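A.B. asks: Each residue of the sequence shown is one higher than the last, beginning at 45 in my numbering. Glycine included, each C-beta is placed from N, C-alpha and C at the ideal position. Bear in mind that the values here come from a model prediction, so they are computed numbers and not experimental data. Pasting in a structure now, in structure tokens, and then I'll have a few things to ask.
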Amino acid sequence: MSDAFRYSKPARTPAVIGLYETQCKEKLYREYGFTSQGLPNSYALTLAVFDRAKASNIWYEWYPEIMDLFGRYNLSTTNEDGSPIPMNDWCPTVLFQPADWNKPVIKFNPSTDGSFVQWVWSHLAIEEITFRNTLDKQVNLVIKSSDEHSKDMVNEAVLAQIPAGESTTLTPTEIGTTLHGGDTIVIVDGEDNVINRYLLNTVDLEIDITQTNDKQITDEKKYQAKMDNAVKLRNSRDWSTRRRYLNNIRTPPFMPHFTEMGFKYMEKMPQDICDYLKQYHKETILIGNKKRVEGFPKDGTQINTREIPTYMAHIPPDKKQWIGQVLQPMMEEW
């Protein structure tokens, strides 16, 4: 990711990163209390660890200038004269990366910051968030907190009432509590019927209230099941993306090198083949019913098939043979 893009667009979520080497792994979890328990799911927070010793000694080729997170976060383990800094001074290092890349990274100090979990929640605090009621009736905003991360948080408390067509901005002073990324706001009408639910994050701080008829949102148990499945899918897709990134690094050196350049611009495809393929595509994909949806795994991130389905239509065997016979000599010449 280029820094130009990084600093012009917020991250998907804030992140907490544990930087260490294998020798002090136990210190990270036992003394620092590094854990995901009691923290928001991956829709509001990314939690990651990076063992430099293990990362640099694994199956893929190691490029420290782009892979070493110690360098990304300017964590030095040597002095200017090249002598090593005592491991206890830097291992482990826990950082909070705001979603806004322009904001400074914050380092966790277990001696002064107290509980790791409470420290993370403190940096997920939302100072100001605006709700706009687009409906033609008054709504109530109710807090749903799954974790007791704030002493002044009252679960299922009514935070505000918003008349039809109006908006309100919530601040800790006005509502007497602090909202956080990871909290859920339930929108209900005067009869306590659920209108919608919004999982808060530290990026989207202006929310238009709309009516939903989706039972997976209005019904609390179904909503929880939906979110559980969504989190599993997101985590799985993140894992898939990491593997694809690493495979893109690992695979090219093992591929046969048929030419020095790896590609060549050749003459236009023979017109009769081009015309046939265009007509076949039109008959099977564009207006025909001989197409089928391609079967990509749910967590695949090669292309955006979950948002826009892709289709496939098989060319008849005799046509495949014909195309191969024409194109093979051209490819062999290359």
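(1) Quick one: what does DSSP say D196 is sitting in, helix, strand or coil?
(2) Give me, in chain order, the residues of the same chain whose beta-carbon lies closer than 6 Å to that of K270; leave out the 5 immediate sequence neighbours on both sides.
(3) Leaving aside the five residues before and after L91 along the sequence, list all residues of the same chain whose C-beta is less than 6 Å from its C-beta, in chain order.
(4) Which residues in the same chain have their Cβ closer than 6 Å to the Cβ of D236, if we skip the five residues on either side of it in sequence?
(5) Taking buried to mean at least 16 other C-beta atoms within 10 Å of its own C-beta, is G220 buried or exposed?
(6) Would you tell me roughly how many angstroms separate the C-alpha atoms of M313 and T295, rounded to the nearest one?
(7) When you compare the stretch 324 to 338 with the stretch 346 to 362, are there three or more beta-carbon pairs, one atom per stretch, that lie closer than 8 Å?
(8) Using the Cα positions of Q255 and V186, report the straight-line distance between them to the nearest angstrom.
(9) List the DSSP bridge partners of D252.
(10) Quick one: complete alpha helix (DSSP H) runs, 4+ long, within the stretch 68 to 146?
(11) What does G62 pair with, by DSSP beta-bridge criteria?
(12) Starting from the Cα of E210, find the closest Cα among T222, V232 and Q182 and give me that residue.
(13) For V232, collect the residues of the same chain with a Cβ closer than 8 Å to its Cβ; drop the 5 residues on either side in sequence, then sort them by chain order.
(14) By Cβ distance below 8 Å, which residues in the same chain neighbour K71 in space, the five residues on each side in sequence not counted?
(15) Does the count of Cβ pairs from the stretch 200 to 210 and the stretch 243 to 250 closer than 8 Å reach three?
(16) Between R4 and N292, what straight-line distance do the alpha-carbon atoms span, to the nearest angstrom?
(17) Return the chain-ordered ranges of every beta strand (DSSP E) run that is complete within the stretch 206 to 293 and spans a minimum of 3 residues.
(18) Taking C-beta to C-beta, are H167 and P54 nearer than 9 Å?
(19) Between which two residues does the alpha helix (DSSP H) harbouring K364 extend?
(20) What first and last residue would you give for the alpha helix (DSSP H) that runs through V164?
(21) Given a cut-off of 9 Å, decide if D227 and L244 are closer than it, judged by their beta-carbon atoms.
(22) Out of curiosity, what's the CA-to-CA distance linking W366 and R287?
(23) Name the residue from V230, T178 and F175 whose alpha carbon lies nearest to the alpha carbon of K188.
C.D. replies: Per the coordinate set shown:
(1) Below a pLDDT of 50, predicted positions are generally treated as unreliable, and D196, at 48, falls in that range; no measurement from the model is reported.
(2) Q260
(3) V60 and S80
(4) none
(5) exposed
(6) 29 Å
(7) yes
(8) 15 Å
(9) R176
(10) 69 to 74, 96 to 99, 108 to 111 and 113 to 116
(11) V93 and V138
(12) Q182
(13) V183, N184, V186, V238 and I239
(14) Y64, C135 and P136
(15) no
(16) In the structure as shown, the chain begins at 45 and stops at 378. Residue 4 is therefore absent and cannot be evaluated.
(17) 211 to 214, 228 to 232, 238 to 243 and 250 to 253
(18) no
(19) P361 to E377
(20) F160 to S166
(21) yes
(22) 38 Å
(23) V230
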